Amino acid sequence: MNVDHLTTDILLQVVSEYVKKQLSLTINKITPFYADTAMTSQQAASAVLSMENGTTIEGTVSIAKYLLHQAGCTNLLGKTDCAAIEIVDWTNIFMTTTCMALKHDRKTALSQLNTLFSNRIFTVGTTLSLADLALFSVLYNTPFRISERFEIPNVFRHYDLIQHLVLAWKLESPLKLVEFDLNVPLVKPMVIAETSGKSTVKAATESTESAEKGSKSKSKDQSSAEHATTSEKTAIKAAKKASKADKTSAATPVSTNSALPDLSKLDIRIGTIVSVKRHPDAETLYVEEIDLGEATARVVVSGLVKYMSESALENRKVVVLCNLKPAKMRGIESQAMVLATTSSDGATVELLEPPAGSQNGDVCFFDGHKGTPEKQLNPKRKVWESIQPNFLTDTEFQAVYTTPDESKKVCVLKSDRGVCKVQSVAGGLIK
Numbered sequence: 024m025n026v027d028h029l030t031t032d033i034l035l036q037v038v039s040e041y042v043k044k045q046l047s048l049t050i051n052k053i054t055p056f057y058a059d060t061a062m063t064s065q066q067a068a069s070a071v072l073s074m075e076n077g078t079t080i081e082g083t084v085s086i087a088k089y090l091l092h093q094a095g096c097t098n099l100l101g102k103t104d105c106a107a108i109e110i111v112d113w114t115n116i117f118m119t120t121t122c123m124a125l126k127h128d129r130k131t132a133l134s135q136l137n138t139l140f141s142n143r144i145f146t147v148g149t150t151l152s153l154a155d156l157a158l159f160s161v162l163y164n165t166p167f168r169i170s171e172r173f174e175i176p177n178v179f180r181h182y183d184l185i186q187h188l189v190l191a192w193k194l195e196s197p198l199k200l201v202e203f204d205l206n207v208p209l210v211k212p213m214v215i216a217e218t219s220g221k222s223t224v225k226a227a228t229e230s231t232e233s234a235e236k237g238s239k240s241k242s243k244d245q246s247s248a249e250h251a252t253t254s255e256k257t258a259i260k261a262a263k264k265a266s267k268a269d270k271t272s273a274a275t276p277v278s279t280n281s282a283l284p285d286l287s288k289l290d291i292r293i294g295t296i297v298s299v300k301r302h303p304d305a306e307t308l309y310v311e312e313i314d315l316g317e318a319t320a321r322v323v324v325s326g327l328v329k330y331m332s333e334s335a336l337e338n339r340k341v342v343v344l345c346n347l348k349p350a351k352m353r354g355i356e357s358q359a360m361v362l363a364t365t366s367s368d369g370a371t372v373e374l375l376e377p378p379a380g381s382q383n384g385d386v387c388f389f390d391g392h393k394g395t396p397e398k399q400l401n402p403k404r405k406v407w408e409s410i411q412p413n414f415l416t417d418t419e420f421q422a423v424y425t426t427p428d429e430s431k432k433v434c435v436l437k438s439d440r441g442v443c444k445v446q447s448v449a450g451g452l453i454k
């Protein structure tokens, strides 16, 4: 096999060398892979694998999948069909969308990745996959700043884990190791003492050395501030300012619901799929046209090929999240998202079903949270991302949001005609 045009492809370097080392798969020619810049989606698509029989395979992801399949390395491609689909989808997203986003708006792209890995170690499931290697390859030449370690700790953690797993393979061409300083500076908690209506700030730090020697903190604010670090000085000033504000305004009780997401911001409506066809460039995706009672039907891209036939989707009424920011999926802009739930084992996917008698354009809302949705959700505020982890089906197969606070209040998704439900999946995450 000959692999050409791969000078910027870290992913194929890792995959091909892993395959050669572990299973002795013969690959005649591997051109250098090291890159000075992150690869573009055009470069990812231009990668070509030429085989001895004259046939070729194009595209980084397709080549990586082929090599792993040929070598029997299915552990990196998913243990179940559902996991395999999700791994390929994430791999494509990282190699194209994420790669371009890092070039155009690095801070936002890294922030979104940080949110993605806030509750997961690996991209899919509990083991290393091709998707993790893809993200590693995209970030390989991204310069990390020391100041970012507390802003995007989940990205740092994931990258550090994957780079050490790859380095443990002891590949023929060793990759550079990025050293992360994971030590958190020791800062003594600030204490605000209230005396006779006046606030005094007792905030001082003791270095490890002084703590060991049993040194005593100075009692006056001025002495403390003189020896405090920059962060402590800022904390002292902020506390004093807050204390001063307390004198001029009455204290306002903090609502227990203040940190809860505003469910009324989601624009969820009923629609009918009037057309469905396979995505021309993605074997796991459908391209649907959905009538939502608007002047024109919306184009929606969904990863439902594995679970439902085209005939099962056509003319079907669905529940649709309409105010996400449009996003391109393999070259086609998706203007909304069809809501569905997945069973805990990942084997079953069911679409949310509207109440009987629903009409296109009917508005859905969470019980007790009827309001005016935003025209388009601001991705930076992460409204949907804060709601989605607690949006599941209950034991009666109803779509419900359960508040993450102590009350655990259940809010059913409904329209004026009734409740939105699924056929048989209980406890399934809705997305």
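To convert a position in the sequence shown, counted from 1, into this note's numbering, add 23. Note that the Cβ used here is the ideal one computed from N, Cα and C, for glycine as well. All values derive from a computational prediction rather than experimental measurement.
Same chain, Cβ closer than 7 Å to residue i, neighbours up to 5 away in sequence not counted
i    : result
K398 : N346
A268 : Because A268 carries a pLDDT of 48, less than 50, the predicted location of this residue cannot be relied on, and the following value inherits that uncertainty. Excluding residues within five positions, none has a Cβ falling inside 7 Å.
L133 : I175, V178
L188 : L151
T114 : V84, L153, A154, A157
G391 : C434
F145 : L151, S152, D155
D112 : T307, G326
Close Cβ partners of residue i (< 8 Å) along its chain, the five nearest in sequence each way excluded
i    : result
S367 : G450, G451
T425 : N413, L415, K431, K432, V433, C434
K351 : T120, S357
F388 : L286, S287, I291, G394, L436, K437, S438
T131 : A124, P402, K403
N137 : E174, I175, P176, N177, V178
Own chain partners of residue i with C-beta closer than 6 Å, once the 5 adjacent residues on each side are dropped
i    : result
E311 : I296, V299, V323
V423 : D417, V433, V435
E81  : V71
K444 : E376, F420, Q421
N401 : none
G101 : A107, I110
H181 : F140
Contact belief for residue i with residue j at Cβ below 8 Å, rounded distance in angstroms
i    : j    : result
V161 : C122 : 5 Å
T364 : I108 : Their Cβ separation, rounded to whole angstroms, is 16 Å, which puts T364 and I108 out of contact at 8 Å.
P396 : K288 : 6 Å
L194 : Y41  : 7 Å
D428 : L283 : 6 Å
D353 : A305 : Note on residue identity: the sequence assigns Arg, not Asp, to residue 353. Contact flag correct, Cβ pair sits at about 4 Å.
A359 : R321 : 5 Å
Option nearest residue i by Cα separation, candidates the options
i    : options                : result
E419 : P427, Q446, T395, E408 : Q446
M118 : A94, A87, G95          : A87
E202 : W192, Q186, N115, S196 : Q186
V38  : A154, L362, A370       : A154
F159 : K288, G391, Q36        : Q36
V372 : T146, K351, V328       : V328
Q411 : K130, N142, I116, D128 : N142
I355 : T83, T103, I116, A106  : I116
G326 : L286, D428, A106, S170 : A106
T83  : L91, A124, L34         : L34
E337 : S409, V448, L374       : L374
K454 : G294, L125, V342, R301 : V342
R301 : T319, S334, K403, L362 : S334
V406 : K348, S196, G391, K130 : K348
E171 : M331, S409, R129       : R129
Y309 : G294, I293, S332, T319 : S332
Residue i at chain B interface by Cβ criterion, 7 Å
i    : result
V445 : Looking for chain B here will not work: only one protein chain is present.
Quiz item: Touching or not, the stretch 312 to 319 and the stretch 372 to 388, by the rule of three or more beta carbon pairs under 8 Å?
Solution: yes
Quiz prompt | Three-pair Cβ contact test at 8 Å for the stretch 143 to 150 versus the stretch 164 to 172 | solution = no
Exercise. Starting from the N-terminal side, write out each stretch of the alpha helix (DSSP H) that is 4 residues or longer and does not extend beyond the stretch 309 to 357.
Key: 333 to 336
Quiz item: Which parts of the stretch 361 to 436 are runs of the beta strand (DSSP E), unbroken and 3 residues or longer, counting only runs that do not cross its ends?
Solution: 363 to 365, 372 to 374, 386 to 389, 414 to 416, 422 to 425
Quiz item: Mind pulling the beta strand (DSSP E) runs of 3 or more residues that sit fully within the stretch 70 to 146?
Solution: Runs of the beta strand (DSSP E) inside the stretch 70 to 146: 71 to 73, 79 to 81.
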